[in-house]
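Scroll down for the structure; my scribbles are underneath it.
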Amino acid sequence: MSSPADLPVETTPLLEVTDLVKDFPIRSKGAIRRTVGMVQAVNGVSLHINRGETLGLVGESGSGKSTIARCILRLIQPTSGSVRFKGQELAGLSRRQLQAMRRNMQIVYQDPMASLDPRMTVSAIISEPLRIHRTTSDIGARVGELLELVGLRPEHGNRYPHEFSGGQRQRIGIARALALEPDLIILDEPVSALDVSIQAGVLNLLEDLQRQMGLTYLFVAHDLSVVRHISDRVAVMYLGRIVETGTGPEVYETPAHPYTQALLSAVPIPDPKLEKRRRRIVLEGDAPNPASPPSGCRFRTRCWKAESICTEYDPELLDLGIGHPVACHFPTPDDLMGSEQG
Amino acid sequence: MTGQTSSRAEIPVLSVRDLEVTFPTPDGDVQAVRSVGWDVYEGEVLAIAGESGSGKSVSVMAAMGLLPATAQVSGSIAYRGRDVLAMSDKDLERLRGSSISMVFQDPMTSLNPVMAVGAQIAEGVRIHQRVNSRTARSKAVELLDLVGIPNPSQRVDSYPHELSGGMRQRAMIAMAIANDPDLLIADEPTTALDVTIQAQVIDVLERAREATGSALVIITHDLGVVARIAHRILVMYAGRAAETGIADGVFERPSHPYTAGLLGSIPRLDAPKGTRLMPIEGAPPSMLAPPPGCAFAPRCPRATPLCSQEIPELRPIGNQESACHHGEDQYNEAEDV
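Residue numbers (this note's numbering), protein chains in the order written: chain A, 877 to 1218; chain B, 4 to 340.
If you want it as structure tokens, here you go:
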């Protein structure tokens, strides 16, 4: 999937996000809804995705990961920052230009029951993008093809979403996203609503489709095990910022940000013997209110390493000799899975 | 904290036998639970695990007498040898909240939104114990402190909406242990929470269990949580017990293909990179018309004609009990790997 670094195959990433900021106003109640504050949902995020790879964007609720997904697709307007797709800046594009662009960027949502129109047949749902973008004359054949691609049967097209199980519905959502043969698919918590036995089938399908069609994924999720499984590279978010990013092994095997370490140590592994001897970092308290984030490092209020510098200076996302970028004043790689240390 | 409670001479805190729960619906009877039985002993953690619709919650709600009146419940449920299903409402009320208490998945729907959390805890204390309101309040502060709520003497006057999800769940746990129960039942207590908060809540549950010496039944779909906290596990599928045993053993050598299938379909944080997941084909059956024979047979890689004819009974295999006609094969295969 990835080409060796010494070959200058493709230098421009498929997607490049730079200094993305999204503030949501907090409005007062009553008839005159004055803006009384700002929630900084995304606060200066930069990331890139190369063609054919999967970037996992992982974080807890309120970390801003879904907001980033929505800003990339311009489903919401970013406050500032740049989003370049195939080298082209998306800010300032007209609606028509944006619509043409979106053909190449599709999204799959968490809850297929909410994102599939219950009154449309599956065929109508999957063919809608084909009709809007007028890409093919034989829509029927294409729909059948897409259904087979996601492991359903062409005759399923005549049914309605409620006649399917959760896993099958998610496959319908994937078929719709694939209809226009997009370059990039944004998967926003695509398997979180599914039982594990069903989830595994959908994850395998996503892997197979990527291999067959050379797809590029932005995989947004809160489940660290799922993200590790599917991603080539990973970005860990906390309170609107990326705190650590790197290849899967870099982030999961040598996490250097205290938050990443705590997060990984908190994920229970289905192995009672291993669970009993694992080292666990239990964080104190909750994430701060994103409407009034702490000064300096946003994680410092829950960090056991915090010193006065953390209150004063916001650490930048930099590689300080760790091997991958970490936004921490005191990054120390730590192999948490090598459990034996106490 | 060892998983073993080897001497089983004592009477279980709660014993469930031949439990059947049916919900009549316009489309027919939903057979939510079918001949399920389990025991939980003093100081022990039993996990009831399964996916949505497996009947894991319903079996416990039945034990607590919390199902709607339309539910048809049969079987026997004994609290320290006393028949729970035959108890009067008054006795049942005394049992719930003092001897047995529950923690639910969503604290926002189980806490009263217009009452301070401290007052809610104190109310529970005063229903079951003869104390004045002042003592009840200071007991509430003590409990909030025990579950790790910072500044408990101020938080005691907070309303549920002023607390975060994790704090609310702690308040629920404080309420549940207020009357020193023998048995704490937690129904998906960490499901709605972020992973770092989930770790905190599991710690609090363990601390609460140790402080009260109670038994704990935890209902969860998350096998990671089971591995973390449980001594014994009961795996449910389509309203029946698939497998039960000491957690260590069941995870190491599952004796039911469903348990093995679940374990194979979870992406593990410690799995070698590139491990292909092994999904279970198909979907769980409709509980309106479960298939004849073993309910898992249509999805089972080991199924033979026998499986679609005869319902497998739970029987001992190794150190576990398995409801599978081919349980030995499954159990022995796990050893070979």
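For glycine and all other residues, C-beta sits at the position ideal for the given N, C-alpha and C. All figures in this text were calculated on a predicted structure; none of them were measured in a lab.
Could you tell me the boundaries of the beta strand (DSSP E) in which residue i lies?
i	result
Ala-177 (chain B)	Not the beta strand (DSSP E): Ala-177 (chain B) falls in the alpha helix (DSSP H), residues 168–179.
Ala-35 (chain B)	31–43
Ala-917 (chain A)	911–925
Ser-325 (chain B)	323–325
Met-64 (chain B)	Element bounds for Met-64 (chain B): not the beta strand (DSSP E) but the alpha helix (DSSP H), 59–66.
Asp-21 (chain B)	17–28
Leu-949 (chain A)	From DSSP, Leu-949 (chain A) is part of no beta strand (DSSP E); its letter is neither H nor E.
Gly-935 (chain A)	930–935
Leu-266 (chain B)	No beta strand (DSSP E) holds Leu-266 (chain B); the alpha helix (DSSP H) holding it covers 260–268.
Ala-218 (chain B)	218–223
Per DSSP, residue i is paired with what?
i	result
Ser-104 (chain B)	B:Leu-187
Pro-1061 (chain A)	Contrary to the premise, residue 1061 (chain A) reads as Ile rather than Pro in this sequence. DSSP, once it has assigned bridges, lists A:Gln-982, A:Tyr-1093 as partnering Ile-1061 (chain A).
Ser-1222 (chain A)	The question about residue 1222 (chain A) has no answer here: the residues shown for chain A are numbered 877 through 1218.
Gly-1122 (chain A)	A:Val-1110
Tyr-240 (chain B)	B:Arg-243
Identify the contact partners of residue i in chain A, using a Cβ-Cβ distance below 8 Å as the criterion.
i	result
Arg-250 (chain B)	First, the residue type needs correcting, since residue 250 (chain B) is Ala and not Arg in the sequence shown. Those are Pro-1148, listed as they occur along chain A.
His-224 (chain B)	Asp-1071, Val-1072
Gly-46 (chain B)	Near Gly-46 (chain B) there are no residues of chain A at all, since even the closest Cβ is about 17 Å away, more than 8 Å.
Pro-308 (chain B)	In chain order: nothing, as chain A lies at least about 24 Å away.
Met-118 (chain B)	In chain order: nothing, as chain A lies at least about 22 Å away.
Could you spell out the range, first to last residue, of the alpha helix (DSSP H) harbouring residue i?
i	result
His-1009 (chain A)	998–1009
Asp-206 (chain B)	198–215
Phe-254 (chain B)	250–255
Asp-148 (chain B)	136–149
Ser-77 (chain B)	Not the alpha helix (DSSP H): Ser-77 (chain B) falls in the beta strand (DSSP E), residues 75–82.
Met-989 (chain A)	988–991
Gly-1043 (chain A)	1042–1054
Glu-1024 (chain A)	1015–1025
Ile-130 (chain B)	120–131
Pro-1148 (chain A)	1148–1153
Here's the rule: buried if 16 or more other CB atoms are within 10 angstroms of the residue's CB, otherwise exposed. What is residue i?
i	result
Asp-1210 (chain A)	buried
Arg-1052 (chain A)	buried
Lys-276 (chain B)	exposed
Pro-880 (chain A)	For Pro-880 (chain A), the predicted structure reports a pLDDT of 48, less than 50, and the residue's modelled location is therefore unreliable. The matter cannot be settled from this model.
Arg-910 (chain A)	exposed
Ala-89 (chain B)	exposed
Glu-1216 (chain A)	Unreliable placement is indicated for Glu-1216 (chain A), whose pLDDT of 41 sits below 50; the coordinate value is still reported in the next sentence. Glu-1216 (chain A) should be labelled exposed.
Gly-1033 (chain A)	buried
Tyr-1128 (chain A)	buried
Arg-995 (chain A)	exposed
Met-877 (chain A)	Confidence at Met-877 (chain A) is low in this model, with a pLDDT of 45, below 50, so its placement is unreliable and no value can be given for it.
Gly-1020 (chain A)	buried
Met-118 (chain B)	exposed
Trp-1180 (chain A)	exposed
Gly-151 (chain B)	buried
Thr-5 (chain B)	Note that Thr-5 (chain B) has pLDDT 35, beneath the 50 cutoff, so the model's placement of it is unreliable and the number below is only indicative. Flag for Thr-5 (chain B) reads exposed.
Tyr-1189 (chain A)	exposed
Lys-905 (chain A)	exposed
Residues of chain B with CB closer than 8 Å to the CB of residue i, please, in chain order.
i	result
Arg-1156 (chain A)	Ala-202
Pro-1125 (chain A)	Lys-276
Val-1143 (chain A)	Val-198, Gly-227, Leu-272
Val-1102 (chain A)	Pro-270
Gly-1027 (chain A)	What Gly-1027 (chain A) touches in chain B: nothing, since even the nearest Cβ is about 10 Å away.
Ser-970 (chain A)	What Ser-970 (chain A) touches in chain B: nothing, since even the nearest Cβ is about 40 Å away.
Ser-1219 (chain A)	Since the first residue of chain A shown is 877 and the last is 1218, residue 1219 (chain A) is not available in this structure.
Asn-1032 (chain A)	Sequence inspection shows His at residue 1032 (chain A); the Asn mentioned does not correspond to that position. The premise fails here: His-1032 (chain A) is roughly 14 Å from chain B at the closest Cβ pair, so nothing lies under 8 Å.
Whose Cβ in chain A lies nearer than 7 Å to the Cβ of residue i?
i	result
Gly-264 (chain B)	Ser-1073
Phe-254 (chain B)	Pro-1146, Asp-1147, Pro-1148
Ser-38 (chain B)	Chain A residues near Ser-38 (chain B): none, gap ~23 Å exceeds 7 Å.
Asp-206 (chain B)	Val-1158
Arg-231 (chain B)	Pro-1144, Glu-1151
Give me the chain B residues within the contact set of residue i, using Cβ-Cβ distance strictly less than 7 Å, ordered along the chain.
i	result
Ala-1138 (chain A)	Thr-199
Ala-1076 (chain A)	Ser-268, Leu-280, Met-281, Pro-282
What residues from chain A crowd round residue i, counting only those whose CB sits closer than 9 Å?
i	result
Arg-305 (chain B)	What Arg-305 (chain B) touches in chain A: nothing, since even the nearest Cβ is about 16 Å away.
Under 9 Å between beta-carbons, which chain B residues line up against residue i? List them in chain order, please.
i	result
His-1200 (chain A)	Correct list: empty, because the minimum Cβ distance to chain B is about 16 Å.
His-1098 (chain A)	Asp-197, Val-198
Residues of the segment 164–175 of chain B with Cβ closer than 9 Å to any Cβ of chain A, in chain order: Ser-167, Gly-168, Gly-169, Met-170
Contact list for the segment 1045–1072 of chain A against chain B, Cβ threshold 8 Å: In summary, the residues of the segment 1045–1072 of chain A whose CB is separated from some CB of chain B by less than 8 Å are Asp-1071, Val-1072, in the order they occur in the chain.
Against chain A: residues of the segment 45–77 of chain B by CB proximity under 8 Å: Glu-54, Ser-55
Contacting positions in the segment 173–198 of chain B - beta carbon closer than 7 Å to chain A: Listed by position along the chain: Asp-197, Val-198.
Where the segment 1164–1189 of chain A meets chain B: residues whose CB sits under 7 Å from a CB there: The segment 1164–1189 of chain A vs chain B, Cβ under 7 Å: nothing.
Cβ-based contacts, 7 Å cut-off: residues of the segment 930–963 of chain A near chain B: Only those residues of the segment 930–963 of chain A whose C-beta falls short of 7 Å from the nearest C-beta of chain B are listed: Glu-936, Ser-937.
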